[in-house]
Amino acid sequence: MNKYNYLIIALCSTILLGCTQKFQATNATFKEALFGFDDVNKASTDISALPWASTYVTIGEDGSQIFMVLAFPEPAPHDSYQTQLKWVSSDRAMIVTENGRMVKTVGLLENNLAGAIPDNKFRDPLSLLGKKPGDYRWEATFDWQPNYRYGYHAKLHWQFIADEVIQSDAWKKDVLHYQETVSFPALDSRYINHFWLDKQTHQVVKSIQHLGPNMPAITMTILKPFAG
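This is how it looks when you write it as structure tokens:
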């Protein structure tokens, strides 16, 4: 086990076990990344100086802004060609994303997304290389905790909305705004997600995604993307 792994265990022993991203910072720098940035806005120079990919996260409409660091990437369990990124906060909450989509959360206060997996005959539009389709319908299965709410089938309608310009504390970008309507026939419920993709790379730089029906939306703004 390398030095980085011992550091991760010491700071976040319940959820962090290893890393394939190449980190080259001191223990003090990593501690600052996890424990020094919560609920505040940081200058772009502070963000870019850190060697880790990072994101701002807000849970619900009135939640505080939280700074999260990429702990480690790993192959997706359902598709080894896809990469899942595990973002961690100072209070040991974790959000797992795949191509910018939330696929799992751990340690949130009330509800957690236990899984979001496309049905076999469909592709998540975010997994498609290059420019995303302007209109696309697909299906997926969602699981939630607590209470073992598993196997809820959803129909999703992905739509292009507009070309826009948005900014964060770290950048200003030309983006493509997409909207996604997620409907659950068995629950007679639906919600709408939003994704903003960098116009050049077609990677998600900001999103507003609901955990599930009648559950809070999570806003993620990627400050420094994973470069692996």
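Residues -24 to -1, 1 to 204 (mature numbering (1 follows the signal peptide of the UniProt record, and there is no 0)) make up the sequence shown, in order. Note that the Cβ used here is the ideal one computed from N, Cα and C, for glycine as well. Because the structure is a prediction, the values reported are computed rather than measured.
Excluding five sequence neighbours on each side, which residues of the same chain lie with their C-beta closer than 7 Å to the C-beta of residue i?
i     : result
Lys80 : Val72, Leu89, Ala90 and Gly91
Measuring alpha carbon to alpha carbon, tell me which residue in the options is nearest residue i.
i      : options                           : result
Asn123 : Gly39, Asn87, Val158 and Phe171   : Asn87
Ile35  : Leu85, Phe118 and Val151          : Leu85
Val45  : Thr31, Ala52 and Tyr126           : Thr31
Gln121 : Lys148, Ala52 and Val82           : Val82
Pro53  : Val33, Ile42, Gly39 and Glu74     : Glu74
Gln179 : Asp100, Ser159 and Gly76          : Gly76
Asp38  : His170, Pro192 and Lys107         : Pro192
Ser40  : Ile194, Tyr126, Leu102 and Trp28  : Ile194
Trp147 : Asp174, Lys131, Ser159 and Phe160 : Asp174
Lys149 : Glu50, Lys200 and Lys108          : Lys200
Arg113 : Val158, Val141 and Ala25          : Val158
Phe202 : Thr59, Phe43 and Asn169           : Thr59
Asp164 : Asp22, Pro51 and Lys131           : Lys131
Gln176 : Asp22, Lys108, Gly204 and Leu187  : Lys108
Since I believe residue j is in contact with residue i (beta carbons under 8 Å), could you give me their beta-carbon distance rounded to a whole number of angstroms?
i      : j      : result
Asp111 : Gln135 : 6 Å
Pro189 : Tyr154 : With a Cβ gap of about 20 Å, Pro189 and Tyr154 do not count as contacting.
Thr117 : Ile137 : Going by Cβ atoms, the distance from Thr117 to Ile137 rounds to 26 Å, so no, they are not a contact pair.
Val33  : Met196 : 5 Å
His129 : Glu156 : Going by Cβ atoms, the distance from His129 to Glu156 rounds to 16 Å, so no, they are not a contact pair.
Met78  : Gln185 : 5 Å
Asp119 : Gly106 : About 30 Å separates the two Cβ atoms, so there is no contact after all.
Strictly by DSSP, which residues pair up with residue i?
i      : result
Ser159 : Lys131 and Arg166
Pro192 : In DSSP, Pro192 forms no bridge with anything.
Tyr154 : Phe136 and Phe171
Leu46  : Trp63
Asp55  : Ala52
Ala92  : Phe118
Thr31  : Met44 and Ile198
Glu74  : Gln60 and Arg77
Ile184 : His170 and Thr195
Tyr148 : Note on identity: in this sequence residue 148 is Lys, with Tyr being the wrong assignment. In DSSP, Lys148 forms a bridge with Gln143.
Can you name, in chain order, every residue of its own chain whose Cβ lies under 6 Å from the Cβ of residue i, other than the five neighbours on each side?
i      : result
Asp100 : Pro94
Lys182 : Trp172 and Thr197
Thr5   : Note that Thr5 has pLDDT 44, beneath the 50 cutoff, so the model's placement of it is unreliable and no number is given.
Below 8 Å CB to CB, which residues in the same chain sit around residue i once its five sequence neighbours on both sides are set aside?
i      : result
Ser56  : none
Val141 : Lys148, Lys149, Asp150 and Val151
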